[in-house]
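Shown next, in structure tokens, is the structure this report addresses.
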Amino acid sequence: MHPKTGRPEYLVGSGREQILDSNWTDISAYSFNWKFPTEKNEALLDRIIKASSNPGDLVMDCFAGSGTTLAVAEKLGRRWIGVDCGKLAIYTMQKRLLNIAESKSLRGEAEAISKDEIPRYARNDTAKKKYGKQCKPFTLYNAGLYDYKMIKELPWEQYRDFALKLFQCRDERHEISKIELDGYLGADSVLVFNYQKYKDTMMDRGFIDDLHKYLGDKISRRFFIIAPAASVQFLEDYIQKGKTRYFILRIPYSIIEEIHNRGFTKIKQPVSEMDVNDTVDAVGFDFIQVPTVECKYYLDKPKNPDLLNQKTKECVIEIKKFESKILSRKPLEFKNLETLSMVMLDYDFNGDVFDLDEVFYAEDLKKNGYDVRFAEDKVKRQIMIIYIDIFGNEKREVKTLKDFKK
Ligand SMILES: C[S@@+](CC[C@H](N)C(=O)[O-])C[C@H]1O[C@@H](n2cnc3c(N)ncnc32)[C@H](O)[C@@H]1O
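Quick note on our numbering: the sequence shown kicks off at 7 and runs consecutively.
Laid out in structure tokens, this is it:
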């Protein structure tokens, strides 16, 4: 419809256009450049992003995987946000974006498209020119992950702020019967238990009794207290006093079920390449707890058949102990090495950003006695090793060849 005359208008093309079916057979769906299972072809995202956005727009991929959407959005001058709960995905996309200059240009940008070249996307992967530009600055943000050690060391006001935000409470100080309260959850009052001020006081039944004595007839059916798990002496999630339930929101043992009315499940990291795309349940609630890792580092005769006739030796990281510290409501029992998900290596760590070079999955490592092996000559100056557990917690180490020669 013409905006002024209101007359119907017809799109007149050059005659070379092709109407797309809903099944795009002219583009191959997958690519295999980043050793990530189910990596999509950049040509596919090129078409989707061009069809649905303009330069400068914000493109978001909540299942970003190897980061195809982000790389293509970057090349097409869009801003982008990528989300993924998998560590392999996070480090793959970080690497991909840091090295985007070396990757291929999108065909449309790189080369003139000849008239008879339909479908033009079919050969997208063969674009020869490199993209050549660095990625615009970006940041890697850990959403919903909190370092528990840091929380304990936080000044009170910051801890209070964290506690309220963690349980999505409204920060609104108010007083009932001269008792200072911190905010609201829905319409109900919230108290953040000041364990720093009352170091020797425990959250026990007597504490709830006292609270009830003053507040009982002035509050409604629910009252919330946020407290560190270690300072709570009873096991119940709430204590009933008269008509009021006093809910204890433990940090880190949570009663998230009570609030969100859903089960408490943790994100699990894969232990083999096959699992990388398994659907996982995410609740966005976890604490960073660095796993305990003990290894032996040495040089050995190569086991890799390709290296047998060469002079080079193999570096070996023999993982002796791997234990996760898990914070959950129910005690979880895992044997040594059972919670290892994968080991990632950056062979030429620049001292700043981890740039993933190789991944060793726990399932493969188990078959050779948990030895991570790689050719000695891969090590440039220093390597970074990241050990990841199935809950996504990391232990990082920097090593040089000297550490393997000791
Ligand atoms: C099929 S892959 C995406 C591949 C991507 N398009 C590419 O080109 O590489 C799906 C991704 O979604 C992630 N994922 C699955 N469930 C998720 C969730 N609940 N939250 C965030 N990411 C999730 C997986 O870790 C995986 O990396």
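We put the CB at the ideal spot given by N, CA and C, even for glycine. Computed from a predicted model, the values in this text were never measured in an experiment.
Classification of residue i by the beta-carbon crowding that lies within 10 angstroms, buried from 16 upward
| i | result |
| --- | --- |
| T31 | exposed |
| E320 | buried |
| R387 | exposed |
| I25 | exposed |
| N47 | buried |
| G248 | exposed |
| P297 | buried |
| C478 | The structure shown does not extend to residue 478, since the chain is modelled only from 7 through 412, so no value can be given for it. |
| L191 | buried |
Selected residue, minimal CA-CA separation from residue i, among the options
| i | options | result |
| --- | --- | --- |
| E369 | M348, A381, Q388 and K384 | M348 |
| Y353 | K341, R379 and A233 | R379 |
| A193 | I106, K247 and C175 | C175 |
| Q246 | F230, I257 and V299 | F230 |
| D63 | R85, E45, L50 and L51 | R85 |
| K302 | Q316, N399 and I325 | I325 |
| F199 | I33, K93, L255 and L51 | L255 |
| K139 | A107, Y97, W162 and V277 | A107 |
| F173 | G189, E163 and R179 | G189 |
| R251 | F69, Y220 and I214 | I214 |
| L76 | C91, I55, N60 and Y393 | I55 |
| V89 | L146, D52 and C141 | L146 |
| L112 | F355, K411, L351 and G83 | G83 |
| C141 | E80, G222 and K203 | E80 |
| E382 | K372, N399, E344 and V322 | V322 |
| G398 | K412, S330 and N342 | S330 |
7 Å Cβ shell around residue i - same chain, five flanking residues per side excluded
| i | result |
| --- | --- |
| F144 | L103 |
| L50 | I33 and A35 |
| S72 | W40, F42, E45, A95, T98, M99 and R102 |
| Q164 | none |
| L241 | none |
Any non-hydrogen atom of ligand 1 closer than 7 Å to residue i Cβ
| i | result |
| --- | --- |
| C301 | no |
| D90 | yes |
| L38 | Checking the sequence shown, residue 38 turns out to be Phe, not Leu. Not so, every heavy atom of ligand 1 lies at least 7 Å from the Cβ. |
| A49 | no |
| K46 | yes |
| G398 | no |
| S72 | yes |
| A95 | yes |
| C68 | yes |
| F42 | yes |
Cβ-based neighbour list, residue i, same chain, cut-off 6 Å, excluding 5 preceding and 5 following
| i | result |
| --- | --- |
| T406 | Q388 |
| D409 | Y303 |
| Y201 | P234 and S237 |
| D210 | Q239 |
| N374 | none |
Neighbourhood of residue i by C-beta distance below 8 Å, restricted to the same chain and skipping five residues each side
| i | result |
| --- | --- |
| Y36 | T44, E45, K46 and N47 |
| V277 | L346, S347, M348, Y367, A368, E369 and I396 |
Below-8 Å beta-carbon distance, residue i vs any chain D residue
| i | result |
| --- | --- |
| D27 | Within the model displayed, chain D is absent; a lone protein chain is all it includes. |
Residue i CB to nearest heavy atom of ligand 2 below 7 Å
| i | result |
| --- | --- |
| E369 | Because ligand 2 does not appear in the structure shown, any question about it cannot be addressed here, the ligands present being ligand 1. |
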